[in-house]
Amino acid sequence: MNQQHFNTVFIVLACIASSLWGLCSFLMSLVPQAHRAVYPRYWLPWRRSLFVLLAIWFDWLFQQHPLLQLASSVTALALAFAELPIAWVLVPAGLVRTSYYVTRVVGHPATRVGAQLGPAFRASRALLNRPSEAGAQFISSRLELYADLTPLGVAASALVMLARGEREHALGVLRGLGTLPYGVAPREVMRVVHEILALEAATRANWHEVVEWAELHPRTPLTRLLEAIALRALGVPGAPGSFRLWYRWFWAPRRLATRALVVRALGFQRSQLPAPLGPMQAQLLLASGYPSNSRPLEVAAAVRGLDELRQDPEWAAEVERRALALGNVSAQNARSRILESIESDIADVLLVNGRPCAWLPPGPSGEALRERVKEARAERADRLAKELHRRLEQRRDLGEVEEWICWGQLAQACLELERDAVTHDDHVSLFRTVHRPLWSFGYRECFVRDRRTLGRAIFQFQRRLCVSAKAFDALETITNNAAAGGREALPNKSDLAGEPVHDLVRFFRVRRWARGATAVVFFGLMAFGFCFRWLWPDVQTAITGLAMTSALAYAFLVPGRIAELIETEDGVIVQLVQFRHVVQRRDVSLRAGPWGLLWVRLQRTPYWMPRRLWSVQASSAQARATAASFAPTVSKAG
Amino acid sequence: MSSKRSIFVGIDLGTTNSAAAVFDGERVQLIRSAQGSGLLTPSVVRIDARGKVTVGERARRLVDQDPDNVKSEFKRMMGSQQTIAFPAAGLVRKPEELAAEVLRSIREDVKAQTGILPETAVIGVPALFELPQTAATSEAARLAGFERVEIIQEPVASGLGAGFRAAEDVGSFLVYDLGGGTFDVSLLEAREGLLRVVGHDGDNFLGGRDFDAALVDHFIELIRAQSGVTLQRDNPAHAHAFRRLRVAAEDAKIELSRSTEADVFIADIGLQGQSVALSASVERATFESLVAPLIERTITICERLLQSHGLVGAGSVGNVVLVGGPTSIPALRARVAQALGAPFGEGLDAMTLVAEGAAYYAASSGLDARGSGAKEAGAGAPVWLQFPAMSSDLNPFVVGKLVEASSRERISHVVISRTDGGWASAREVVDPDGTFAIMTNLVARRPNTLRIEGYAPNGDGPLLLAPSEFVIVHGVTLGDPPLARSVGVALANNGVRVFFDRGSPLPMRRTFAVRTVETLSPADPEGSLRIPVVQGEFPYAHLCRLVGAIEIKASSLKSPLPVDSLIEVTIELDRGGRLAASGCIPSTGDVFGHVAQLITGKVVPSELAPRIEELRTRLRDTRTKAFKHKAQKAITVLSSAEAMLDDCAIATQRAQGGDQDAGERAQRLLIDADALIAEGEGEIAWPDLDERARSGLTRWAGWIAEYGTAIERQALEETTRAMEKASLARNAREVRHHLATIAHLGNAAAMRSEGAWESELDYQISQITKSRDPKAAAKLVAEGQRAIQVRDKAALEAAVRGLWELAPGTSDKTRGLGHWSGVT
Amino acid sequence: MNPRERVVDNPFFVLGVARDAARPDIERAAQRLLAELSIGRQSALAYSTPLGPAQRTEDKVRAAAAELRDPAKRLVHEAWATLAAEPTPAPGFEPISWPLALRLIGGKAEG
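From first to last, the protein sequence lines stand for chains E, L and P.
Here the first sequence is numbered in my numbering, starting from 267 and rising by one per residue.
Here the second sequence is numbered in my numbering, starting from 49 and rising by one per residue.
Here the third sequence is numbered in my numbering, starting from 480 and rising by one per residue.
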């Protein structure tokens with residue numbers, strides 16, 4: 267087809283697409299509280315199509331200069347499908363800023379408009395490849411803009427810590443993320459979380475834990491490989507053979523590095539239990555496996571040994587003899603102390619690594635140990651819950667990352683108890699233990715501090731416990747909370763009265779003007795765009811057309827971005843057409859512009875809140891005064 | 049005595065008198081006071097107007113002339129913040145400094161009689177001294193110029209002294225140590241020449257002074273009879289008179305130990321305004337009748353100790369060693385002999401036994417008083433020898449190391465032989481690293497001089513080594529000095545994590561992992577984690593004495609420390625009673641040092657009375673509960689606690705009269721009573737909880753039956769069942785949770801009743817002052833009242849809920865009790 | 480005190496004395512070891528346990544001697560001292576090193 271037709275088709279396509287976009291955002295802006303307007307689901311496809319169109323257009327534009335043509339089109343296409351270059355080039359090369367900005371431009375599948383969390387996450391992965399304080403600073407400065415770091419943000423901060431070498435702290439955060447149910451967090455995040463946690467367990471030779479993490483979805487080639495190796499290391503029946511091992515190795519990353527490991531795993535033979543195993547010898551085996559390397563059959567052997575020891579006449583006689591030899595010593599006490607210490611050892615092995623009580627064989631000692639372990643765990647969960655409750659009552663809030671750590675600990679404790687719960691009463695007591703603290707924790711995080719993701723995770727977890735405990739008295743309210751936390755509803759604060767920092771009448775006039783003007787221009791240009799083809803069918807017009815349409819499209823965001831600021835003692839209420847959010851004074855920075863215009867810059871706001879806003883004052887003098895009254899302000903780069 | 053021989057110095061720093069002994073390996077020599085007060089140096093210090101310090105006998109003689117500037121019995125104030133004023137010189141001294149004066153004079157005496165100014169010594173302290181007091185004693189020794197001291201407990205020392213004197217193993221024996229101010233009784237056991245403290249008991253506030261006090265009371269009666277004047281202890285105006293009476297009583301007491309009658313005459317007991325004379329003659333019988341109850345107290349303590357170690361009835365111990373001045377009272381000796389049915393260790397001077405024992409201990413732990421600078425260098429290859437200066441073992445090992453690498457080629461074998469020619473070892477091969485260990489052979493109960501020689505690989509020799517000779521004394525030794533009171537870490541739940549049990553040998557070092565109970569974030573500046581180190585035998589932290597604390601400032605952390613993270617706490621105790629503690633965070637490797645605060649709080653008498661009252665109330669309602677649950681054991685415990693509280697009240701009254709000692713005593717009684725009451729509460733804790741559960745159930749079930757939904761009723765049934773089960777299993781934690789659940793259900797139901805929200809609003813109005821944000825609360829209250837007027841139920845609910853949000857958090861009382869510990 | 484410590488720090492292993500050693504022998508062993516440690520004798524720095532060799536320190540020796548002085552405690556420790564004869568159990572699979580783990584998640588090194 268000839269250039270004429272191409273020109274026509276292209277411009278029409280461009281106009282229609284951009285107009286649709288503008289129309290949608292306009293309509294949505296009329297619906298109150300409709301976040302879908304600002305975070306259209308078709309966002310990423312739209313950007314893709316935009317870049318594809320660009321590629322085609324470049325291709326057509328630079329026909330005379332083949333080199334430029336090739337370069338530009340390729341760049342556009344690369345941007346259109348940017349996941350691959352980012353994952354294969356930028357992140358491994360450790361280009362923090364580049365991968366950040368590229369992701370920023372092309373968008374991240376898991377985040378929405380304006381959210382810098384997805385880019386930050388990818389940047390942090392790059393940072394892990396080439397740790398540098400500058401990069402870490404760069405990423406954390408981005409993360410500071412958010413009141414609600416979604417799992418992406420939390421994971422990003424964890425990776426930053428890892429790059430900084432704060433290993434334990436980072437792992438605490440990741441464990442917190444690891445307790446999230448499937449589907450809450452983006453796959454990309456959970457893959458990384460599971461990989462790191464499984465690897466960390468492998469560094470502690472805690473192979474059971476490796477398997478536990480590795481079999482969680484989403485699985486990755488690396489976790490599959492680790493799982494296979496762990497099974498070999500445990501020497502359990504049905505461990506993968508050499509073929510499966512090599513197959514998984516083939517798919518896993520860093521083959522050169524892992525090859526030696528695989529060879530080692532194939533060569534390793536776990537020692538089997540000696541056939542006649544004396545009670546004390548069983549203890550020795552258990553001790554040799556401590557802290558994390560003992561298998562169920564060793565624990566079982568130890569417990570059985572304990573049982574034997576309990577009613578073993580000649581052992582008792584032996585102790586008696588020695589007691590007599592040593593003088594006035596009660597052999598009875600000695601025996602009970604020995605048995606007690608053995609019991610505590612076995613309990614220790616189960617407790618330290620959170621092993622299931624199912625490992626304990628039936629029998630008197632087994633039962634006693636089961637009770638003991640269960641009580642110890644319940645006690646711990648109780649302690650954590652109490653501390654949480656105390657902290658909340660005293661309103662001693664922590665940074666979001668620390669909150670995630672606390673949450674992770676409590677959730678872990680609960681999960682262990684839940685796994686050991688056999689009777690209905692176990693579930694009931696577990697739920698009753700953590701119900702209240704979880705309730706107030708979730709409520710505060712979700713509704714008071716706008717941390718929807720964490721709050722939602724808490725409520726969903728609580729709901730699960732509630733259902734398995736059949737505690738219907740609490741179910742309804744918990745469900746409501748979960749729903750409320752799930753919807754990106756307004757922060758449910760009671761109406762806050764306060765002093766508006768500018769003159770409302772003028773504000774509304776401006777807004778009305780903006781609406782009207784944009785509407786007129788919109789429809790005008792719609793028609794105008796279609797006329798291009800017949801009036802001036804050449805390059806310049808095409809360019810102008812494109813420029814105008816995109817400018818027009820952006821203009822539609824303007825009314826949505828004009829804010830009314832109200833000062834209250836609880837902070838500054840920022841009221842938009844659709845959103846209201848209360849920010850602390852230090853998180854607002856104002857700059858006075860011409861015609862009483864105020865540039866408003868917010869930080870530490872939820873991701874659904876626009877960050878760059880305008881406000882209008884009666885006069886530029888007043889605007890300057892207001893801006894001065896807000897200074898000094900904390901304004902983050904970016 | 050030549051300085052070639054090493055000597056060992058032991059000092060008994062007593063409340064009233066101090067003594068010192070020197071042991072040279074063969075015989076022990078008691079140091080006589082240069083002021084001719086015999087073997088004893090009175091622990092009395094005087095500072096006159098020119099600031100000149102007088103110590104000992106001379107100072108004691110001046111008690112009557114110038115009582116304000118002559119101070120004694122500062123020992124019992126050691127380790128406390130109290131200071132002692134000398135008005136004449138306008139000086140203020142710490143007890144340690146006065147003790148240092150006494151020690152310095154003793155040091156001088158030792159120099160005068162042995163020609164050696166001792167650099168190191170062993171000092172005896174009462175068994176019930178706690179770390180602050182022990183550390184203060186070490187400090188006093190340092191001030192007195194000793195470069196190194198070790199602390200030994202008096203009963204152990206006297207036991208060592210007695211055991212050393214005893215020809216053969218005496219088996220188990222009892223040390224009955226009645227000092228000026230403290231009574232210690234300890235059960236020791238000597239087997240295979242090794243002395244072991246089986247256990248000890250005692251009363252920190254029972255001693256010769258109480259005997260005097262009994263006599264003083266007698267005098268008061270006499271004075272009232274003679275001149276109708278009534279003296280009150282809590283009247284400061286009478287303090288001087290009491291001092292005089294006490295001196296007189298002391299003399300009379302000593303007199304009565306020898307003769308059957310003592311005459312007391314004071315021309316003027318020194319009351320302002322009037323002159324009252326006291327002239328009386330006290331018969332021994334009267335005195336004995338006066339002190340009989342005190343003696344009985346000591347006997348009961350002895351029996352308690354014996355019973356606690358399964359030794360019952362007379363003759364259960366092989367030997368009884370009497371220590372301390374008051375034990376010379378004939379009546380006391382008779383009663384003790386009759387009660388314990390064991391012979392007294394003969395030939396033992398009750399006054400100086402502690403000093404002797406301390407000297408022996410110095411020898412057994414190789415504390416050569418000549419100090420470090422006394423290594424005589426001889427010709428020959430230098431060898432570094434390690435051997436016990438004193439050994440209870442007939443075949444101790446001598447371990448050595450050839451210091452110079454060159455000599456390691458030259459010398460391949462080493463031989464040790466006794467100079468008396470009785471024994472010589474085989475040729476011992478020297479290890480490549482120049483070390484060797486040889487088992488020697490000693491003659492029992494006397495110093496053995498041993499010669500050491502080297503032999504070349506080709507067998508020629510003997511080659512000279514330096515030192516070529518050394519001495520090992522055979523005799524009773526003490527393995528390691530035992531710790532007097534358990535040391536541990538206070539926990540957030542007011543519990544104690546014991547690190548060292550009482551009796552564990554010093555020096556000691558232990559590491560335990562504890563978990564934090566709150567999150568520390570570097571963000572908040574005032575956030576900090578506290579790990580208090582406490583000493584005491586009680587299971588509750590608030591009853592144990594705080595001897596130090598590890599502070600972890602949040603600001604000093606790099607990354608936040610989440611709740612429930614591990615901290616490895618290490619506590620070290622040396623033989624001088626000095627404590628070092630440190631906390632390590634394994635995840636980051638940061639180590640936090642120990643902030644010492646080794647001082648015992650000053651007792652403020654005015655603070656004691658309210659605490660007594662508080663305890664009485666606690667006692668009362670605990671007892672009513674105990675009667676309700678028919679907890680017999682609890683009732684008996686509580687009655688004894690009440691008796692203690694009565695004593696405590698009396699002691700407090702005295703303390704208000706300025707008697708520091710009584711204050712200390714009152715404090716201790718208070719603590720003991722508290723412990724007993726806590727025990728009683730523990731006894732009835734379970735039945736009480738059970739009872740609370742039942743009453744709660746009956747109370748809430750009504751509401752739920754009336755206003756509850758079907759679901760709530762079902763939940764109630766379920767929870768009730770679970771609670772029954774838990775109470776059968778006696779699982780208090782479970783029961784509490786279920787009770788809370790029932791209460792919540794009941795509340796939910798009750799709030800549906802007519803006028804519930806209104807009354808709740810009224811309640812919140814009454815609580816408004818405690819609200820977190822009174823301004824906002826006031827606003828909500830106003831809204832609520834408006835809502836009531838317009839009958840807007842929703843608005844009312846909203847207001848009340850808002851008020852609930854603003855309600856203050858629960859105060860963490862237990863944390864306060866546990867010395868604000870941040871770990872569990 | 481965890482299971483491993485219970486075996487490794489058993490006083491009988493620390494002092495290297497037999498389970499039915501007499502008290503004087505134990506005291507002597509302790510005295511000898513303390514002396515040897517104070518001069519840093521090579522042969523005294525490590526001792527063998529059923530779980531492989533372990534480091535010997537003065538604190539350990541002193542504590543061990545104290546434990547064995549108390550007959551009641553000694554009787555308890557004897558239960559584990561019976562293990563001395565048995566051979567060391569085979570070690571488990573070597574864990575992955577942390578640097579390798581970092582490389583696998585695409586990390587270089589800890590900051």
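Note that beta-carbon positions come from the ideal geometry of N, C-alpha and C, so glycine has one too.
It should be emphasised that the depicted structure is a prediction, and the values quoted were computed from it without experimental measurement.
Residue state for residue 612 of chain E is assigned as helix, using DSSP reduced to three classes. Put simply, the backbone Cα of residue 684 of chain E is about 21 Å away from that of residue 463 of chain E.
If you check each beta-carbon in the region 497-523 of chain P against every beta-carbon of chain E, the ones closer than 8 Å belong to 499.
Partner residues in the beta bridge of residue 522 of chain L, as assigned by DSSP, are L:439. Residue burial is scored here from C-beta neighbours: residue 307 of chain L has fewer than 16 other C-beta atoms within 10 angstroms and is therefore classed as exposed. Straight across, the Cα-Cα distance linking residue 686 of chain E with residue 697 of chain E is about 14 Å. At least one beta carbon of chain P lies nearer than 9 Å to the beta carbon of residue 239 of chain L. Taken in chain order, the complete beta strand (DSSP E) segments of 3 residues or longer contained in the region 305-346 of chain L are 309-314, 326-331. Annotated three-state conformation of residue 373 of chain L is helix, per DSSP.
The Cβ atoms of residue 558 of chain L and residue 547 of chain L lie closer than 9 Å to each other. Residue 522 of chain L sits close to residue 491 of chain L, with the two beta carbons spaced by under 9 Å. A distance of 9 Å or more separates the beta carbons of residue 333 of chain E and residue 670 of chain E. Listed along chain L are 528, 553, 555, 556, each with a C-beta nearer than 8 Å to that of residue 541 of chain P.
A straight-line Cα-Cα distance of about 28 Å links residue 608 of chain E and residue 503 of chain E. Just measuring C-alpha positions, the residue of L:158, L:829, L:135, L:99 sitting nearest residue 55 of chain L is L:158. Residues are counted here when their Cβ sits less than 8 Å from a Cβ of chain L; for the region 529-561 of chain P these are 538, 541, 542, 544, 545, 548, given in chain order. Excluding the 5 residues flanking it on each side, residue 735 of chain E has same chain C-beta neighbours closer than 6 Å at 693, 694, 697, in chain order. The alpha-carbon of residue 532 of chain P is positioned some 13 Å away from that of residue 494 of chain P. DSSP, read as helix, strand or coil, puts residue 396 of chain L in coil.
Residue pairing from DSSP places residue 461 of chain L in a beta bridge opposite L:477, L:503.
Residue range 525-528 is occupied by the beta strand (DSSP E) that includes residue 526 of chain P. Contact note: residue 566 of chain L reaches chain E through 653, 656, 657, 662, using a C-beta cutoff of 9 Å and chain order. Contacts between residue 489 of chain P and chain E, judged by CB atoms closer than 7 Å, are missing: the closest CB pair is about 11 Å apart. Around the beta carbon of residue 71 of chain L, a 10 Å sphere encloses 16 or more other beta carbons of the protein chains shown; the residue is thus reported as buried.
Here the alpha carbon of residue 583 of chain P sits roughly 14 Å from the alpha carbon of residue 480 of chain E.
At a C-beta separation below 7 Å, residue 438 of chain E has these neighbours in chain L: 610.
Straight-line spacing of the CA atoms in residue 303 of chain L and residue 441 of chain L works out to 45 Å. The distance from the Cβ of residue 384 of chain E to that of residue 571 of chain P is about 41 Å, inconsistent with a contact at the 8 Å cut-off.
For residue 461 of chain E, the chain P residues whose C-beta falls within less than 8 Å of its own C-beta are 583, 584, listed in chain order.
No Cβ-Cβ contact shorter than 9 Å links residue 538 of chain L with residue 576 of chain L. By DSSP's assignment, residue 412 of chain E forms a beta bridge with E:871. About 4 Å separates the Cβ atoms of residue 166 of chain L and residue 57 of chain L, confirming a contact at the 8 Å cut-off. For residue 712 of chain E, there is no enclosing beta strand (DSSP E), since its DSSP letter is neither H nor E.
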